[in-house]
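Trainee: First the structure, then my questions, so here it is.
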Amino acid sequence: MTYQTMLYATDGPVATISLNRPERLNTIVPPMPEELGSGVDEANLDQAIKVIVLRGIGRSFCAGFDFGPEFDEGYGERFYTDGAWDPGKDLIGANSHQLGYVSKFMSLWHSPKPVIAQVHGSRSCPETCPAAGIATCRNETGSQQDLRGSCISNTQ
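193 is the number of the first residue of the sequence shown in the working numbering; add one for each residue after it.
Written as structure tokens, this is what we have:
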């Protein structure tokens, strides 16, 4: 499968999902959540894959949502009533199993294979990687913090 906002690669037993919007600090826009869910599914269906690594290309792992024009094109109308943002629609839309992006991110949590978040740069760990079973974070000074056990998922 080809992706617009991420790269998917395998190397032996490791599948690497790389968020690929470095010019925007890998901020989230449609179709990134859907692609992330598809990438996790692809890794889970491949019997040769034993672990999934999630990383960001460039100087940041992920700086959160990008609420610019690309977000509105993909999700905006779902969250508005009469031209104004509707918090009720936002909550329902975000959490809808079929339509919402939350279920796509939670594919990391529900993965039967271990997920390692390789986090660096802006908005680093643990806020941006709660669904990973293991997170390793590098702060701006270059020191590394191993957060094994601080982002526990249900991976067996």
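Every residue, glycine too, gets a C-beta built ideally from N, C-alpha and C.
So L237 is in the alpha helix (DSSP H); what residue range does that whole segment cover?
Mentor: To locate residue 237, count along the sequence shown from 1; it is residue 45. Start and end: M224 to L237.
Trainee: Pick helix, strand or coil for T253, following the three-state DSSP scheme.
Mentor: For the purposes of this step, residue 253 is taken as the residue at position 61 of the sequence shown. At residue 253 the sequence reads Phe, which differs from the Thr that was named. Look at F253 here: in three-state DSSP terms it is coil, with no helix or strand label.
Trainee: Would you mind working out which of T208, P261 and V307 sits nearest P222, comparing C-alpha positions?
Mentor: For the purposes of this step, residue 222 is taken as the residue at position 30 of the sequence shown. Checking every option, the nearest Cα to that of P222 belongs to P261.
Trainee: Please go through the same chain and pick out, in chain order, the residues whose beta-carbon is closer than 6 Å to the beta-carbon of Q348, but skip the five residues on each side of it.
Mentor: Against the sequence shown, residue 348 aligns to sequence position 156. Because Q348 carries a pLDDT of 42, less than 50, the predicted location of this residue cannot be relied on, and no value is offered for it.
Trainee: If you draw a straight line from the C-alpha of L339 to the C-alpha of A276, how long is it?
Mentor: Walking along the sequence shown from the start, residue 339 turns up at place 147. Walking along the sequence shown from the start, residue 276 turns up at place 84. Residue placement at L339 cannot be trusted, given a pLDDT of 46 that sits under 50; what the coordinates show is reported in the next sentence. About 40 Å.
Trainee: Could you tell me whether any Cβ in chain C is nearer than 8 Å to the Cβ of A240?
Mentor: Going by chain labels, chain C is absent from the structure shown, which holds only one protein chain.
Trainee: Across which residues does DSSP place M198 in a beta bridge pair?
Mentor: Residue mapping note: residue 198 aligns to position 6 of the sequence shown, counting from 1. DSSP, once it has assigned bridges, lists L211 as partnering M198.
Trainee: Measuring alpha carbon to alpha carbon, tell me which of F257, D274, H312 and G313 ends up nearest F297.
Mentor: Looking up residue 297 in the sequence shown gives position 105. It is F257.
Trainee: Just to confirm before moving on: does the CB-CB distance between L211 and G248 stay below 8 Å?
Mentor: Counted from its first residue, the sequence shown places residue 211 at position 19. Counted from its first residue, the sequence shown places residue 248 at position 56. Contact flag set, yes.
Trainee: From what residue to what residue does the alpha helix (DSSP H) around V243 run?
Mentor: On the sequence shown, residue 243 is found 51 positions in, with the first residue counted as 1. In the DSSP assignment, V243 falls outside any alpha helix (DSSP H) and lies within the beta strand (DSSP E) extending over V243 to G248.
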